[in-house]
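Residue numbers (my numbering): 110 to 212.
A virtual CB, placed ideally from N, CA and C, is assigned to each residue, including glycine.
Source: prediction; values computed, not measured.
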Amino acid sequence: MSTVKIKKGDNVKVIAGKDNGKEGKVLSVDRKAGRVLVEGVNIITKHTKPSAANQNGGIVQKEAPIDISNVMYVHKGKATRIGFKFENGKKVRFAKSTGDVID
110 MSTVKIKKGD
120 NVKVIAGKDN
130 GKEGKVLSVD
140 RKAGRVLVEG
150 VNIITKHTKP
160 SAANQNGGIV
170 QKEAPIDISN
180 VMYVHKGKAT
190 RIGFKFENGK
200 KVRFAKSTGD
210 VID
C-alpha cells in the first residue's frame, strides 16, 4: 500500500458515499486496512448489552470507519490533494492546490 497522506487531527471532506460533502476531523487512521474514522461521518446504530461500563445497554450511535480514498484533506476551506517534498532535509506534506506546507 502507498503512503498514507491523511493523519489523525486533519480536517477532511468526504468525496464519495452516503455522507458525500460532509466535513469533519479525523479521529483515527487504520493504516493497515486503509480506513479512517471521521467525527460526525458514517454514523451507525449499535445495539449494546449491559456491561460494567454501560449499565443500561441499549441503542448507541457512533462513527464507523470509511475508506481513506473517500476523503480529501481540507486546506483553507477547500479540498485538496496532498504531496510530499523535502525541505531542509526533512520530508513534509504540502497542499497541491496552493503549494503551502502543511506540517
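Exposure of residue i, with buried meaning 16 or more beta-carbon neighbours within 10 Å
i: residue 150; result: buried
i: residue 179; result: buried
i: residue 156; result: exposed
CA nearest to the CA of residue i, picked from the options
i: residue 166; options: 154, 176, 147, 146; result: 154
i: residue 124; options: 189, 208, 197; result: 189
i: residue 143; options: 126, 160, 132, 115; result: 115
i: residue 169; options: 177, 158, 175, 176; result: 158
C-beta atoms of residue i and residue j nearer than 8 Å
i: residue 147; j: residue 135; result: yes
i: residue 203; j: residue 192; result: yes
i: residue 132; j: residue 121; result: yes
i: residue 160; j: residue 184; result: no
Strand pairing of residue i, partner residues [DSSP]
i: residue 192; result: 203
i: residue 120; result: 134
i: residue 140; result: Note: residue 140 sits in no beta bridge, so no partner.
Neighbourhood of residue i by C-beta distance below 8 Å, restricted to the same chain and skipping five residues each side
i: residue 195; result: 201
i: residue 177; result: 113, 115, 138, 143, 144, 145
Contacting residues, own chain, Cβ-Cβ under 7 Å from residue i (five flanking each side not counted)
i: residue 212; result: 201, 202
i: residue 163; result: 157
Chain-order list of residues whose beta-carbon lies under 6 Å from that of residue i (same chain, five-residue window excluded)
i: residue 210; result: 201, 203
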